[in-house]
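Below: the structure, in structure tokens.
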Amino acid sequence: MMLLDIYLCQINWWRPSEKVMNLTEVASASIGLGISFLLIQINAYISKTIYQPTIEKLPSTNLLLISNPKLGKLIKKQLHQRIFEDFGIRLLSEKQEANDPIEARKTIASAVARIRDKMRSEPFVCRRLTSYGFVRNLAGGSIVAATILIFIVIYQFKTNGGHLKISVAFFMMYLLSALLAPFMIRHSGQEYAETLIEQYLATPPVNSKTA
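For the sequence shown, the tail end lands on 205 under this note's numbering, and the numbers increase by one without skipping.
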């Protein structure tokens, strides 16, 4: 009966009751929320699948490799000692890292996970992590948006729609964002990794006692 009311309303044969109109609005809102939730899940899946590296290849893991010249040898020596004192994890030496780089990355990844857990409440670290996550999600959203806009552009072109130019403009914008995403993610991830390590070294050791 409600479907018939909606149909008759659309062709202006009669005006349905207020109750039916309210149900129609609720149904439309529910469908909109469902589609939005689905797109968010697709966005998160694409971001994680395409752009999120494995834990052994995260920027913070790469930063602690001895073969990475970003940090000085003195800082790395200090980090190795601090990590061992705080978490009991002994990172591989330069020779060991060269002989078994995979094991070196896994060991560093274990240490980085402990560092992240220790620093999760630090404001500067949280800010950089939020920015890093935002860039990844933006990249995934750009792929979803560009894909949807392809169909919109095709439809506008075939039907001579009045929104073809703006649809093409939005498609190019999201496509450019998706193409630039790897560079933006790398830059944002590097900033997060550097902030994480800097703030970690600035905090007191895990076993230190404060008065």
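Beta carbons are placed, not taken as given, at the ideal position from N, Cα and C, and that holds for glycine. Remember, it's a predicted structure, so these values are computed and weren't measured experimentally.
query = By a C-beta neighbour count over all protein chains shown, 10 Å radius and 16 as the cutoff for buried, is methionine 166 buried or exposed?
reply = exposed
key: Same chain, Cβ closer than 8 Å to phenylalanine 78, neighbours up to 5 away in sequence not counted   = Arg84 and Leu85
ask   = Does any CB atom of chain B fall closer than 8 Å to the CB of leucine 52?
value = Annotation note: the requested chain B is absent from the structure, which comprises a single protein chain.
ask   = Relative to the alpha-carbon of leucine 174, which residue among Asn62, Ile137 and Lys152 has its alpha-carbon at the smallest distance?
value = Ile137
request  = Tell me whether threonine 124 sits in a helix, a strand or coil according to DSSP, three-state version.
outcome  = helix
ask   = For tyrosine 186, does the count of other Cβ atoms within 10 angstroms reach 16, so buried, or fall short, so exposed?
value = buried
C-beta contact flag for serine 87 and tyrosine 126 at 8 Å = The answer is no: Cβ separation not under 8 Å.
request  = Starting from glycine 155, trace the alpha helix (DSSP H) both ways and give me its first and last residue.
outcome  = Per DSSP, glycine 155 belongs to no alpha helix (DSSP H) and is neither H nor E.
Extent of the continuous alpha helix (DSSP H) to which arginine 76 belongs = 67 to 81
task = Mind reading off the beta-carbon distance from lysine 64 to leucine 57? Whole number of angstroms is fine, and I expect it under 8 Å.
result = 6 Å
ask   = Is it the case that the Cβ atoms of glutamine 193 and glutamate 116 are separated by a distance below 8 Å?
value = yes
Coil, strand or helix - aspartate 94 by DSSP = coil
key: alpha helix (DSSP H) runs wholly inside the stretch 161 to 187, at least 4 long, in chain order   = Segments of the alpha helix (DSSP H) lying fully in the stretch 161 to 187: there are none.
query = Between leucine 170 and methionine 113, is the Cβ-Cβ spacing less than 8 Å?
reply = no
task = With a 10 Å radius around its C-beta and 16 neighbouring C-beta atoms as the bar for buried, classify asparagine 37 as buried or exposed.
result = With 16 or more Cβ atoms within 10 Å of its Cβ, asparagine 37 is classed as buried.
query = Since glutamate 91 contacts serine 61 with CB under 8 Å, what's their CB separation in whole angstroms?
reply = With 8 Å as the limit, glutamate 91 and serine 61 qualify as a contact, their Cβ atoms being about 7 Å apart.
message = Please report the distance separating the alpha-carbon of valine 106 from that of leucine 123.
response = 14 Å
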